[in-house]
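Following: one structure in structure tokens, then a few remarks.
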Amino acid sequence: ATFADQYDVVIVGGGPGGYVAAIKSAQLGMKTACVEMRGRLGGTCLNVGCIPSKALLQSSHHYHDAKHHFADHGIVFDGDLSMDIDKMQDTKSKTVEGLTGGIEYLLKKYGVDYVKGKGKITGPNGVEVALTDGGSESLDTKNIIIASGSEVTPLPPVPVDNAGGKVVDSTGALEIGTIPKKMAVVGGGVIGLEMGSVWSRLGAEVTVIEFLDRILPMNDTEVAKKFQTILKKQGFKFNLKTKVVKSVVEDDGVVLTTEPSKGGDAKEEKFDVVLVSTGRRPYTEGLGLEDVGIQTDKLGRIEVDSHFKTAVPSIFAIGDAISGPMLAHKAEEEGIACVETIAGFAGHVCYDAIPGVVYTYPEVADVGKTEEELKEAGIAYNVGNFPFAANSRARANGSADGFVKVLADKETDKILGVHIIGPNAGEMIAEAVIAIEYGASSEDMARTCHAHPTLSEAFKEACMDTYDQPIHF
Ligand code: FAD
Numbered sequence: 027a028t029f030a031d032q033y034d035v036v037i038v039g040g041g042p043g044g045y046v047a048a049i050k051s052a053q054l055g056m057k058t059a060c061v062e063m064r065g066r067l068g069g070t071c072l073n074v075g076c077i078p079s080k081a082l083l084q085s086s087h088h089y090h091d092a093k094h095h096f097a098d099h100g101i102v103f104d105g106d107l108s109m110d111i112d113k114m115q116d117t118k119s120k121t122v123e124g125l126t127g128g129i130e131y132l133l134k135k136y137g138v139d140y141v142k143g144k145g146k147i148t149g150p151n152g153v154e155v156a157l158t159d160g161g162s163e164s165l166d167t168k169n170i171i172i173a174s175g176s177e178v179t180p181l182p183p184v185p186v187d188n189a190g191g192k193v194v195d196s197t198g199a200l201e202i203g204t205i206p207k208k209m210a211v212v213g214g215g216v217i218g219l220e221m222g223s224v225w226s227r228l229g230a231e232v233t234v235i236e237f238l239d240r241i242l243p244m245n246d247t248e249v250a251k252k253f254q255t256i257l258k259k260q261g262f263k264f265n266l267k268t269k270v271v272k273s274v275v276e277d278d279g280v281v282l283t284t285e286p287s288k289g290g291d292a293k294e295e296k297f298d299v300v301l302v303s304t305g306r307r308p309y310t311e312g313l314g315l316e317d318v319g320i321q322t323d324k325l326g327r328i329e330v331d332s333h334f335k336t337a338v339p340s341i342f343a344i345g346d347a348i349s350g351p352m353l354a355h356k357a358e359e360e361g362i363a364c365v366e367t368i369a370g371f372a373g374h375v376c377y378d379a380i381p382g383v384v385y386t387y388p389e390v391a392d393v394g395k396t397e398e399e400l401k402e403a404g405i406a407y408n409v410g411n412f413p414f415a416a417n418s419r420a421r422a423n424g425s426a427d428g429f430v431k432v433l434a435d436k437e438t439d440k441i442l443g444v445h446i447i448g449p450n451a452g453e454m455i456a457e458a459v460i461a462i463e464y465g466a467s468s469e470d471m472a473r474t475c476h477a478h479p480t481l482s483e484a485f486k487e488a489c490m491d492t493y494d495q496p497i498h499f
């Protein structure tokens with residue numbers, strides 16, 4: 027690569043936060059470089075996160091459907107149905123490769139310099155890159171954006187060894203080559219339930235071990251409870267209020283020792299594979315933050331003001347490396363807002379309208395406040411509910427599990443939160459995000475014509491139920 031004498035913006039990290047910021051920065055006419063050490067663009071999300079996990083979820087969903095639901099539609103197999111895991115993994119890898127290549131093309135198209143190597147901040151205007159191909163390069167820049175993302179938080183009693191394949195984190199779980207008979211998922215959050223679903227659908231007996239008394243701790247409690255019931259029907263086992271205190275890797279599996287979270291008698295159980303999915307933490311190793319006077323909080327997150335500015339006025343930080351939900355679309359929004367601010371515009375992210383999706387089957391999606399959050403904040407609200415069992419399209423599709431729940435301000439009817447369990451909830455939630463972003467009331471949405479027959483009519487009816495009554499329930 028050839029390097030400019032001086033950049034307007036140098037971005038450290040080429041994940042969804044970093045590469046999106048880089049493209050926007052170049053589009054706004056700023057001389058931009060993006061430094062990435064992974065060898066491929068797209069960050070955690072594209073390489074070992076959102077995209078490969080969705081590829082496996084799609085493949086395993088097809089298999090599960092073919093095995094258990096095709097017959098309902100009159101589709102009969104006479105031969106044996108089998109799963110070629112290598113082929114599934116190959117399809118996943120090709121998807122990832124294609125998309126990372128696409129991002130490299132986009133950086134080129136918009137004139138962003140893609141610098142391959144590990145970046146270290148040497149001062150308010152300097153980034154030193156240890157180049158992947160050897161040697162180093164000093165980049166001089168007016169502004170620096172840190173988009174270095176996150177990594178798996180270790181769980182001391184259960185050390186991960188992805189290469190060994192028995193105790194894995196999410197990255198290792200994406201590479202499993204044979205279907206485990208028994209799989210433990212330590213941590214009942216989004217990543218654990220998604221990866222657990224992949225292997226459960228393919229035939230593994232999956233046990234979720236969770237410290238708290240519930241799964242999906244960030245979601246609405248009613249939703250999390252209902253969702254747990256649905257997963258149980260699919261064959262998931264749950265050990266809630268349980269902590270793992272020890273793991274021993276043997277030739278033919280892993281013995282986990284668990285105890286009640288509050289303490290008590292220990293139990294042992296053997297699994298073929300253990301997935302540790304208890305959380306992620308910001309990754310800022312080797313960035314040189316201390317030397318330039320940038321602080322991190324107790325959880326390792328870089329401290330920034332409401333415009334993503336660190337204690338050093340020319341250095342900004344976005345995405346998983348700062349506070350807020352660790353989500354790709356949140357990182358992207360911040361990337362754009364941060365660059366717009368640097369360019370002198372009014373960059374802004376509306377944190378009340380960031381959706382969260384669990385890409386299981388059915389999906390779980392939400393935006394805005396949970397019922398517990400409203401109670402805690404002392405905000406009076408109305409609740410509307412509508413089950414997919416009363417939605418004609420869900421019935422015709424043969425997948426009517428779940429419901430839409432709408433929370434709106436009691437006085438103004440403004441929508442404050444929407445929670446969906448159901449087929450395609452991840453796509454449906456977009457409408458609720460717009461409603462919140464535009465300050466819509468439940469009546470606004472209820473009086474908006476929705477195509478029939480669609481799943482999104484369930485949202486309209488839940489809105490009707492919020493301020494008045496639904497028609498079909
Ligand atoms: P990252 O994507 O982590 O990118 C940071 C990049 O910076 C990395 O590529 C790293 O190599 C590079 N880097 C770090 N330090 C340096 C340095 N000093 N020099 C050069 N390069 C450096 N989110 C969703 O929204 N939807 C999902 O469905 C979803 N699924 C997920 C599934 C899994 C299994 C996992 C693990 C995560 C998932 N996430 C999902 C979360 C999502 O991946 C992250 O929120 C997102 O990638 C954060 O983007 P980022 O740009 O902040 O950081």
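Residue 50 in full-length UniProt numbering sits at position 24 of the sequence shown; the count goes up by one each step and never skips.
All C-beta atoms in this analysis are idealised placements derived from N, C-alpha and C, irrespective of residue type, glycine included.
Quick check on Glu123: buried or exposed, where buried means 16 or more other Cβ atoms within 10 Å of its Cβ?
On the sequence shown, position 97 is the one that residue 123 refers to. Exposed, because fewer than 16 other Cβ atoms sit within 10 Å of the Cβ of Glu123.
Could you check which residue in Ala415, Gly314, Ala250 and Tyr493 has the C-alpha nearest to that of Gly145?
For this step, residue 145 is matched to residue 119 along the sequence shown. The residue with the shortest Cα to Cα distance from Gly145 is Gly314.
Below 8 Å on the Cβ atoms is my guess for Val300 versus Ala426; work out the distance and round it to an integer in Å.
Translated into positions along the sequence shown, residue 300 becomes position 274. Translated into positions along the sequence shown, residue 426 becomes position 400. That belief does not hold up - the Cβ atoms of Val300 and Ala426 are roughly 34 Å apart, past 8 Å.
Using CA atoms only, rank isn't needed, just tell me which of Ile362, Gly382, Val365 and Ile341 is closest to Gly350.
Taking the first residue of the sequence shown as 1, we reach residue 350 at position 324. The residue with the shortest Cα to Cα distance from Gly350 is Gly382.
Just confirm the distance between the C-beta atoms of Thr167 and Lys142, as a whole number of angstroms; I'd bet it's less than 8 Å.
The residue you call residue 167 lines up with position 141 of the sequence shown. The residue you call residue 142 lines up with position 116 of the sequence shown. At roughly 17 Å, the Cβ-Cβ gap does not stay under 8 Å, so Thr167 and Lys142 are not in contact.
Which of the three DSSP states is assigned to Leu315 in this structure?
On the sequence shown, position 289 is the one that residue 315 refers to. Correct three-state label for Leu315: helix.
As assigned by DSSP and simplified to three states, the class of His445:
To locate residue 445, count along the sequence shown from 1; it is residue 419. Of the three classes helix, strand and coil, the one that applies to His445 here is strand, per DSSP.
What do you reckon, are the CB atoms on Leu82 and Met56 nearer than 8 Å?
As a working note, residue 82 is residue 56 in the sequence shown. As a working note, residue 56 is residue 30 in the sequence shown. No, the Cβ-Cβ distance between Leu82 and Met56 is not below 8 Å.
Quick check on Leu481: does DSSP put it in helix, strand or coil?
Translated into the one-based positions of the sequence shown, residue 481 becomes position 455. It is coil, neither helix nor strand.
Kindly give me the distance between the Cβ atoms of Lys192 and Val280, rounded to whole angstroms, as I take these residues to be in contact under 8 Å.
Start at 1 with the first residue of the sequence shown, and residue 192 comes out as number 166. Start at 1 with the first residue of the sequence shown, and residue 280 comes out as number 254. Contact flag correct, Cβ pair sits at about 5 Å.
For residue 24, which option in Gln53, Asp323 and Gln32 has the closest C-alpha, if you only look at C-alpha atoms?
The first residue shown for the chain is 27 and the last is 499, placing residue 24 beyond what the model contains.
I need the straight-line Cα distance from Ala156 to Gly65, nearest angstrom please.
Taking the sequence shown and counting its residues from 1, the one referred to as residue 156 is at position 130. Taking the sequence shown and counting its residues from 1, the one referred to as residue 65 is at position 39. Cα to Cα, the separation comes out at about 13 Å.
Any heavy atom of ligand 1 closer than 7 Å to the beta-carbon of Leu353?
Within the sequence shown, numbered from 1, the residue matching residue 353 stands at position 327. Checking the Cβ of Leu353 against ligand 1 gives yes.
Reduced DSSP category for Pro308 - H, G, I as helix; E, B as strand; rest coil
Counted from its first residue, the sequence shown places residue 308 at position 282. Pro308 falls in the strand class under three-state DSSP.
Thinking C-alpha only, which one of Gly289, His355, Gly39 and Gln254 is nearest Ser379?
As a first step, residue 379 is located in the sequence shown; it is residue number 353 there, counting from the start. The sequence given here places Ala at residue 379; Ser does not occur at that position. With distances taken between Cα atoms, Ala379 lies closest to His355.
Assess contact between the stretch 434-454 and the stretch 406-415, defined as three or more Cβ pairs (one per stretch) separated by less than 8 Å. Is contact present?
yes
Name the two residues that bound the continuous beta strand (DSSP E) containing Asp116.
One-based indexing of the sequence shown puts residue 116 at position 90. Counting along the chain, Asp116 falls outside any beta strand (DSSP E), though it belongs to the alpha helix (DSSP H) covering Ile111 to Lys135.
beta-carbon Ser340 near ligand 1 non-hydrogen atom, thresh 7 Å:
The sequence position of residue 340 within the sequence shown is 314, counting from 1. No, the beta carbon of Ser340 sits no closer than 7 Å to any heavy atom of ligand 1.
Can you pull the DSSP bridge partners for Cys60?
Mapped onto the sequence shown, residue 60 falls at position 34. DSSP, once it has assigned bridges, lists Ile37 and Tyr140 as partnering Cys60.
Look up residue 503 in the DSSP assignment and say whether it is helix, strand or coil.
As shown, the chain starts at 27 and ends at 499. That puts residue 503 outside it, with no answer to give.
Val430 vs Ala484 beta-carbon contact at 8 Å
The sequence position of residue 430 within the sequence shown is 404, counting from 1. The sequence position of residue 484 within the sequence shown is 458, counting from 1. Yes. Within cutoff.
Quick check on DSSP: helix, strand or coil for Thr268?
Here the question's residue 268 lines up with position 242 in the sequence shown. In the structure shown, Thr268 sits in a strand (DSSP, three-state: E or B).
Per the DSSP calculation, Leu353 is bridged to which residue(s)?
Numbered from its first residue, the sequence shown carries residue 353 at position 327. Paired residue(s): none; Leu353 is not in a bridge.
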